[in-house]
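Take a look at the structure below.
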């Protein structure tokens, strides 16, 4: 496996591509519905178009609200995010979908990078059950040292391909594309939050576990790809933990 060296501009471009991919479908459906309203006078078709527009608008809004917290700044450096907001945007993402979500977490403010990690792991969990199923999210402990456990259960459950390597900042080619950027970014956020993430599978259930890393966790900072690179100078053990 080769360490992925990703420029800041490439990281932002790939994340933008991911967000656009998620909202193109519902926005396109809205456009189609509007075209039907303009061209078709049949009352049943117009009602169908209005229902499509309403449903697609809610879906696009939910995906953007989720992305705002999962990928966005969501406040200044060192800010906290209410776990209730994380639950709200997560449930919005799964409304009218094939995946059901259970959520158990305290009503509390948590450091933003830990909440961003949680939301990114929810997205990774959906990839573990490609045919849908059930995702159980449990958060326990205090904000400085939480335990996050996600269980994704469904037919043909599997640990998403290459996700463990990409979260560690490596890939077979030393590059990452729009399909793998989510796992790569989640790894950056995990290290910025001082959290270690592990994956396990048993039967039709994939378990994702995030908890404070064994080494002393660094102060919360913004994840950046440059800080994820190995030092060009003599080895320095602190470079492994001082990630964005």
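In UniProt numbering, the protein residues as written are 1 to 244. Quick reminder that beta carbons are idealized off the backbone N, C-alpha and C, glycines included.
| Asked | Found |
| --- | --- |
| Test item: CB-CB of residue 1 and residue 198 under 7 Å | no |
| Beta-carbon proximity list for residue 148, same chain, < 6 Å, skipping 5 on both sides | 118, 139 and 210 |
| Residue 14 burial status per 10 Å Cβ neighbour count (16 or more: buried) | buried |
| Proximity to residue 164 [Cα-Cα], best of 181, 70, 38 and 10 | 181 |
| Cβ-based neighbour list, residue 69, same chain, cut-off 8 Å, excluding 5 preceding and 5 following | 81, 85, 86, 89, 115, 116 and 119 |
| Residue 111 (DSSP reduced to helix, strand or coil) | strand |
| CB of residue 108 within 7 Å of CB of residue 135, strictly | no |
| For residue 144 and residue 56, the rounded distance between their alpha carbons | 38 Å |
| First and last residue of the uninterrupted alpha helix (DSSP H) at residue 276 | Only positions 1 to 244 of the chain appear in this structure, which leaves residue 276 out of reach. |
| Distance between residue 207 and residue 25 (C-alpha atoms, nearest Å) | 29 Å |
| Secondary structure of residue 142, DSSP reduced to three states | coil |
| Same chain, Cβ closer than 6 Å to residue 59, five either side skipped, listed in chain order | 26 |
| Rounded separation between residue 146 and residue 212 - CA only | 7 Å |
| Strand pairing of residue 25, partner residues [DSSP] | For residue 25, which the question treats as bridged, DSSP gives no partner whatsoever. |
| Rounded separation between residue 205 and residue 158 - CA only | 8 Å |
| Spatial neighbours of residue 110 in its chain, beta-carbon cut-off 7 Å, leaving aside the 5 residues before and after | 80, 81, 83, 143 and 146 |
| Residue 137 versus residue 106: straight-line alpha-carbon distance, rounded | 12 Å |
| Which residues DSSP lists as bridging residue 149, in chain order | 138 and 209 |
| Check: residue 169 C-beta below 6 Å from any heavy atom of the ligand GTP | What this structure holds is no ligand at all, so the ligand GTP is not there to describe. |
| Beta-bridge pairing of residue 101 - partner residues as DSSP gives them | 135 |
| Between the CA atoms of residue 132 and residue 33 - distance to the nearest angstrom | 27 Å |
| Nearest to residue 161 (by Cα), restricted to the options 126, 193 and 17 | 126 |
| Reference residue 22, options 61, 11, 41 and 44, closest by Cα | 61 |
| Secondary structure of residue 19, DSSP reduced to three states | helix |
| Between the CA atoms of residue 97 and residue 129 - distance to the nearest angstrom | 13 Å |
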